[in-house]
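J.:
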Amino acid sequence: MGKRLKGWQELPCGAIITDMGAVKENKTGAWRSMRPVWNREKCRQCLMCWIYCPDSAIMVKDGKMVGIDYDYCKGCGICAGICPAKVIDMEKERK
Amino acid sequence: MIVAKTGNEALAYAMKQINPDVVAAYPITPSTEIVQIFSNYVSDGEVDTEFVAVESEHSAMTACIGAAACGCRVMTATASQGLALMHEMLFIAAGLRLPIVMAVASRSLSSPLNIHGDHSDSVASRDSGWMQFFCETVQEGYDTLIQAVKIAERAYLPALVAIDGFILSHCQERIEIFDDRDVREFLGKPKPNYNLLDWRNPILVGPATLQDYYFEFKRSEIEGMNRALPIIEEVQEEFKKRFGRGYPVLEEYRCDDAEAVVLVMGSACGTCRVAVDHLRAKGKRVGMVKLRVFRPLVHPLLKKSLAKFKAVGVLDRVDAVNSYGGPLFTEVSSVLYDLPERPKLFSYVYGLGGREFAPEDATFVFEQVLSGKKDELVTYIGVR
């Protein structure tokens with residue numbers, strides 16, 4: 015907020031973005047209608063959810079799944095569908 | 009070297025000499041042969057091109073965009089419904105400032121279905137941010153396709169080179185072709201704006217920009233088109249110097265003391281030349297203004313040229329179905345609007361769906377424009 019926005023002559027030709035990771039500022043999880051809920055105890059740590067998540071919303075630390083990043087999760091349910099141990103439940107999002 | 013070639017053969021031959029890095033295309037009448045012949049060059053090893061056979065024109069343009077974003081010199085060819093199917097991707101190519109060059113054998117759009125020539129397809133793409141060239145002859149098509157590569161790469165804008173479907177695409181003409189080496193020397197190596205595969209300088213291509221930046225990026229794209237005309241003229245000059253042939257952006261034919269002229273694009277220019285000569289022989293002061301570049305709209309040149317005449321008939325090989333007049337007519341009207349004294353402007357729509365446009369039709373137009381009297385707002389030439 016309060017950041018000066020660039021004028022058109024300062025922008026790269028062809029609308030390319032050169033500062034990588036800018037999309038992080040753009041939180042995309044707000045319009046979720048279903049929320050994946052992860053059961054930590056029953057998880058086998060196969061990381062299939064991490065491989066398949068199209069929004070990189072599965073948080074992994076030291077090679078282990080540690081949770082779901084709801085700032086970016088759109089609630090698509092792919093993680094719940096792919097999980098072989100069925101430890102992710104899709105629940106109705108409550109605001 | 010002098011050879012006999014159809015429009016499609018000539019454009020395919022130009023593509024061979026250009027030797028693009030990638031060609032992605034889907035066959036559609038009347039442009040099919042361009043890529044068909046070119047794919048032979050690929051399989052015979054006469055070009056180094058990576059040829060991508062895709063499942064639709066939407067995919068063709070998408071593949072072209074992907075390849076061009078990786079810094080490749082990219083070409084394709086299409087027509088009619090195929091160009092319409094590319095429509096969404098045309099804007100993306102232009103917005104990403106990718107110098108893709110596309111050959112179009114212009115053809116009408118459905119419905120009803122018709123495979124013959126008019127300018128419906130190209131003109132319908134006029135707001136997509138592509139430069140557009142309309143060619144009078146097969147020779148001009150061949151020359152323009154080569155020029156377009158250089159123009160596009162210098163302007164960082166995609167370019168469409170249109171030859172009239174069947175009239176030029178399938179008719180043979182005596183043309184002069186250059187040596188492969190000369191063409192490649194003329195074009196040099198492409199100098200891409202950016203390269204998606206350059207891992208040392210990672211970039212994101214095609215980002216989402218919302219209310220905060222979309223307008224600024226669009227403004228910068230608009231500036232690209234604003235600056236295109238001098239680039240077109242510059243490349244035109246270089247081409248003329250090298251190959252001895254040139255085509256002005258706007259050509260005046262026998263216009264010196266003309267009272268009435270017609271403004272026209274594409275192969276009908278040849279027909280109008282015949283009519284002008286015929287009427288001149290009878291002492292009528294008529295002339296033709298040929299518009300070769302439709303995008304950018306060359307408004308300073310149009311204004312300078314057309315302001316001289318008493319009456320101008322604008323010939324459109326397409327109707328905008330706007331209940332007013334052809335697309336070129338409405339654009340020329342607005343270009344001339346702020347002149348203190350304007351020529352009378354008449355709108356003519358001709359040749360839809362390959363309908364014949366003969367010298368007699370052109371003569372009819374000239375005589376009406378010369379008389380300065382016209383009952384209807386738009387005259388549809390040759391409609392029963």
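Protein chains in written order, with this note's numbering: chain U, 15 to 109; chain D, 9 to 392.
Quick reminder that beta carbons are idealized off the backbone N, C-alpha and C, glycines included.
Every value quoted in this text rests on a predicted model; they were computed, and no experiment measured them.
#1: To the nearest angstrom, how far is it from the Cα of Leu204/D to the Cα of Ala76/D?
#2: Counting contacts by CB-CB distance shorter than 8 Å, is Gly119/U in contact with chain D?
#3: Which residues of the segment 22 to 46 of chain U have a Cβ closer than 7 Å to any Cβ of chain D? Give them in chain order.
#4: What separation, rounded to the nearest whole angstrom, lies between the Cα atoms of Glu55/U and Met73/U?
#5: Report back the beta-carbon spacing between Cys67/U and Cys97/U to the nearest angstrom; my notes put them in contact at under 8 Å.
#6: Give me the Cα-Cα distance between Gly91/U and Val80/U, rounded to the nearest whole angstrom.
#7: Does the contact criterion of 3 or more C-beta pairs under 8 Å hold for the segment 224 to 235 of chain D versus the segment 254 to 263 of chain D?
#8: Taking the C-alpha atoms as reference points, what is the distance between Ser133/D and Ala92/D?
#9: Grab me the residues of Lys248/D's own chain with a C-beta within less than 7 Å of its C-beta, minus the 5 sequence neighbours each way, in chain order.
#10: So Lys248/D is in the alpha helix (DSSP H); what residue range does that whole segment cover?
#11: Comparing the C-beta of Gly295/D with each C-beta of chain U, is any distance below 8 Å?
#12: With DSSP collapsed to three states, give me the class of Leu309/D.
#13: Taking all protein chains shown into account, do 16 or more other C-beta atoms lie within 10 angstroms of the C-beta of Thr387/D, making it buried, or fewer, making it exposed?
#14: Assuming His127/D contacts Val326/D under a Cβ cut-off of 8 Å, what Cβ separation, rounded to an integer in Å, is found between them?
#15: So if I threshold CB-CB distances at 8 Å, which residues from the segment 188 to 211 of chain D count as touching chain U?
#16: With a threshold of 8 Å between beta-carbons, can Leu385/D be considered close to chain U, or not?
#17: Leu19/U touches chain D at which residues, Cβ-Cβ below 9 Å?
#18: Which residue from Cys93/U, Lys100/U, Ile102/U and Lys17/U puts its Cα closest to that of Asp69/U?
#19: Threshold first: 4 residues or longer. Then list the alpha helix (DSSP H) segments lying entirely within the segment 97 to 171 of chain D, N to C.
#20: Could you tell me whether any Cβ in chain U is nearer than 8 Å to the Cβ of Pro304/D?
#21: Would you say Pro215/D faces chain U, with C-beta separation under 8 Å as the test?
#22: Are the C-beta of Leu104/D and some C-beta of chain B separated by less than 8 Å?
#23: What's the call for Ile230/D, buried or exposed, on a 16-neighbour Cβ count within 10 Å?
#24: Confirm, please, whether the CB-CB distance from Met110/D to Thr152/D is below 8 Å.
#25: Take the Cβ of Tyr222/D as the centre, count every other Cβ of all protein chains shown within 10 Å, and call the residue buried at 16 or more, exposed below.
#26: Please list, in chain order, the chain U residues whose beta carbon lies closer than 7 Å to that of Ser228/D.
#27: Please go through the same chain and pick out, in chain order, the residues whose beta-carbon is closer than 7 Å to the beta-carbon of Pro28/D, but skip the five residues on each side of it.
#28: Check whether the Cβ atoms of Ile239/D and Ala163/D lie closer than 8 Å to each other.
#29: Looking only at C-alpha atoms, which of Gly137/D, Ala167/D and Trp138/D sits nearest to Gly149/D?
#30: Measure from the alpha carbon of Pro120/D to the alpha carbon of each residue in Ile185/D, Leu385/D and Ser88/D, then state which is nearest.
#31: So is Asp358/D in contact with chain U if we call contact Cβ pairs under 8 Å?
#32: I'd like to know whether the C-beta of Tyr345/D is nearer than 8 Å to at least one C-beta of chain U.
#33: Measure the C-alpha to C-alpha separation of Glu281/D and Gly321/D and round it to an integer number of angstroms.
T.: According to the data block:
#1: 9 Å
#2: As shown, chain U starts at 15 and ends at 109. That puts residue 119/U outside it, with no answer to give.
#3: Trp22, Leu25, Cys27, Gly28, Ala29, Ile30, Ile31, Thr32 and Met34
#4: 16 Å
#5: At roughly 11 Å, the Cβ-Cβ gap does not stay under 8 Å, so Cys67/U and Cys97/U are not in contact.
#6: 18 Å
#7: no
#8: 8 Å
#9: Gly254
#10: Ala236 to Phe251
#11: no
#12: helix
#13: buried
#14: 4 Å
#15: Asn201, Tyr202, Asn209, Pro210 and Ile211
#16: no
#17: Asp220, Tyr221 and Glu224
#18: Cys93/U
#19: 128 to 132 and 146 to 163
#20: no
#21: yes
#22: The structure shown contains no chain B; its protein chains are U and D.
#23: exposed
#24: no
#25: exposed
#26: Trp22, Leu25 and Cys27
#27: Thr57, Arg81, Val82 and Met83
#28: yes
#29: Ala167/D
#30: Ser88/D
#31: Looking at the sequence itself, residue 358/D is Tyr, so the reference to Asp does not match. Answer no: the Cβ-Cβ gap between Tyr358/D and chain U never drops below 8 Å.
#32: no
#33: Correcting the residue identity first, residue 281/D is Arg in this sequence and not Glu. Roughly 14 Å between the two C-alpha positions.
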